[in-house]
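Below is one structure, written out as structure tokens; comments come after it.
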Amino acid sequence: MGLQSLCWIHEGRHFKKLNPLVIEFKDELDDFITQFWNYYHSLLGYKQNPNVDFAKKLEKQFDLLFTKVTSYKD
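Now the structure itself:
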């Protein structure tokens with residue numbers, strides 16, 4: 659496993675430690691964690707079969723995943 663993979667695994671642990679009390683926030687967190695690991699597995703798939711189209715898809719997925727607005731108030 660490469661160092662970048664370890665970074666994703668380490669980062670994912672932080673989200674798993676969160677424990678929201680509000681059901682809506684818990685559901686959002688669970689959904690995010692699922693999407694986070696799905697994205698990570700897509701990256702592993704890209705590593706096995708890199709191509710331009712897959713890279714563009716991953717870039718869009720990354721932007722959607724990490725710019726999502728939650729229902730938490732600022």
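For what it's worth, our numbering labels the leading residue of the sequence shown as 659, then goes sequentially.
Where a beta carbon is used, it is the ideal one built from N, C-alpha and C, also for glycine.
Beta-carbon separation (whole angstroms), Leu622 vs Leu701, contact threshold 8 Å: Shown here, the chain extends from 659 to 732; a query on residue 622 therefore has no answer.
Between the CA atoms of Lys714 and Phe694 - distance to the nearest angstrom: Computed Cα separation, rounded: 17 Å.
Same chain, Cβ closer than 8 Å to Gly670, five either side skipped, listed in chain order: Ile691, Phe694, Trp695, Tyr698, listed in sequence order.
Euclidean distance between Cα positions of Pro708 and Pro678: Pro708 and Pro678: Cα-Cα distance of roughly 37 Å.
Selection from Asp688, Val680, Leu676, His668 that minimises the alpha carbon distance to Asp723: The sequence as given places Leu at residue 723; Asp does not occur at that position. Selection Asp688, Val680, Leu676, His668 evaluated against Leu723 yields Asp688 as nearest (Cα-Cα).
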